[in-house]
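Okay, so here's the structure we're looking at.
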Amino acid sequence: MKIIEARLSALTNNQTKSLKLKPVALPKVASQLPDELGYSLLARRADLQAAHWYVESSLSTIDAAKAAFYPDINLMAFLQQDALHLSDLFRHSAQQMGVTAGLTLPIFDSGRLNANLDIAKAGSNLSIASYNKAVVEAVNDVARAASQVQTLAEKNQHQAQIERDALRVVGLAQARFNAGIIAGSRVSEARIPALRERANGLLLQGQWLDASIQLTGALGGGYKR
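Take 158 as the starting number for the sequence shown in the working numbering and just add one per residue.
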């Protein structure tokens, strides 16, 4: 801790005041993902919204409404899929001419516009394809991250049981030592596996936290609206 304080002081040019850093526990990660992660959560992603507005600005209002579809899907349904395709989103989409106020994230069917596209609008086709590709990649990102969070949640539960068992062995050794049955060295020996499992547990918790952060980033925010 002193070494970290010294490095931070050097970086901040703070030579007079002590930083007084204190270790804190890792933040808690939700032990279980919600049953549903709505597609609309992706609408909070700034990169997708920017691409969305770029597509709409390249089309007329009528054309944009004609080509827009608004998926109503649970992203958790794609956890077991190796790769999601645009057709998967269209299969779970319904065209809506008027959507509720707030952020939305449609997908666009350039096929509906192709018959009427002139040379000046040909670029719109490319921007639609790029936008739809970004949306599909975002859904895949969420599915991968959510799957990783789920897997690590199960591993953490299993590891927690291993740690409890190791501590139980330490407790039994301590009780036997207190009763004068074994030497103190045997208690120390029992603590070594428990400490090793605690280190493994902390490593898994860190991986779990990192996966949760990745999922939050893929969604453009937390799990709740």
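Glycine included, each C-beta is placed from N, C-alpha and C at the ideal position.
In terms of residue numbering, what span does the alpha helix (DSSP H) encompassing residue i cover?
{"i": "residue 350", "result": "341–376"}
{"i": "residue 192", "result": "It is not in any alpha helix (DSSP H) - residue 192 carries neither H nor E in the DSSP assignment."}
{"i": "residue 207", "result": "203–215"}
To the nearest angstrom, report how far apart residue i and residue j are at their CA atoms.
{"i": "residue 379", "j": "residue 344", "result": "44 Å"}
{"i": "residue 339", "j": "residue 311", "result": "37 Å"}
{"i": "residue 302", "j": "residue 289", "result": "20 Å"}
{"i": "residue 300", "j": "residue 231", "result": "10 Å"}
{"i": "residue 370", "j": "residue 207", "result": "22 Å"}
{"i": "residue 287", "j": "residue 226", "result": "16 Å"}
{"i": "residue 334", "j": "residue 349", "result": "16 Å"}
{"i": "residue 309", "j": "residue 221", "result": "42 Å"}
{"i": "residue 201", "j": "residue 313", "result": "30 Å"}
{"i": "residue 364", "j": "residue 283", "result": "38 Å"}
{"i": "residue 277", "j": "residue 217", "result": "For residue 277, the pLDDT reaches just 46, beneath the cut-off of 50, and the residue's location in the model is therefore unreliable, although a value from the coordinates is still provided. If I take the Cα positions, the gap works out to 12 Å."}
{"i": "residue 224", "j": "residue 192", "result": "30 Å"}
{"i": "residue 167", "j": "residue 182", "result": "25 Å"}
{"i": "residue 185", "j": "residue 346", "result": "31 Å"}
{"i": "residue 195", "j": "residue 211", "result": "24 Å"}
{"i": "residue 246", "j": "residue 291", "result": "13 Å"}
{"i": "residue 262", "j": "residue 190", "result": "23 Å"}
{"i": "residue 214", "j": "residue 281", "result": "9 Å"}
{"i": "residue 165", "j": "residue 368", "result": "27 Å"}
{"i": "residue 328", "j": "residue 304", "result": "36 Å"}
{"i": "residue 163", "j": "residue 235", "result": "47 Å"}
{"i": "residue 330", "j": "residue 170", "result": "50 Å"}
{"i": "residue 285", "j": "residue 244", "result": "15 Å"}
Output the boundary residues of the beta strand (DSSP E) element that contains residue i.
{"i": "residue 227", "result": "225–228"}
What does DSSP give as the partner residue(s) for residue i in the beta ladder?
{"i": "residue 264", "result": "226"}
{"i": "residue 289", "result": "None; residue 289 has no bridge partner."}
{"i": "residue 282", "result": "Its beta-bridge partners do not exist; DSSP assigns none."}
{"i": "residue 231", "result": "195"}
Using 10 angstroms around the beta-carbon of residue i, count the other beta-carbons present and answer buried if the total reaches 16, otherwise exposed.
{"i": "residue 375", "result": "buried"}
{"i": "residue 315", "result": "exposed"}
{"i": "residue 377", "result": "buried"}
{"i": "residue 160", "result": "exposed"}
{"i": "residue 180", "result": "exposed"}
{"i": "residue 336", "result": "exposed"}
{"i": "residue 198", "result": "buried"}
{"i": "residue 351", "result": "buried"}
{"i": "residue 203", "result": "exposed"}
Taking 7 Å as the cut-off, is the CB of residue i close to at least one heavy atom of the ligand HEM?
{"i": "residue 379", "result": "The ligand HEM is absent from the structure shown, which contains no ligand whatsoever."}
Item to check | the region 303–321 contacting the region 350–361, beta-carbon criterion three pairs below 8 Å | outcome: yes
Next on the checklist: Taking contact to mean 3 or more Cβ pairs, one atom from each stretch, closer than 8 Å, check whether the region 322–339 and the region 282–299 are in contact.
Outcome noted: no
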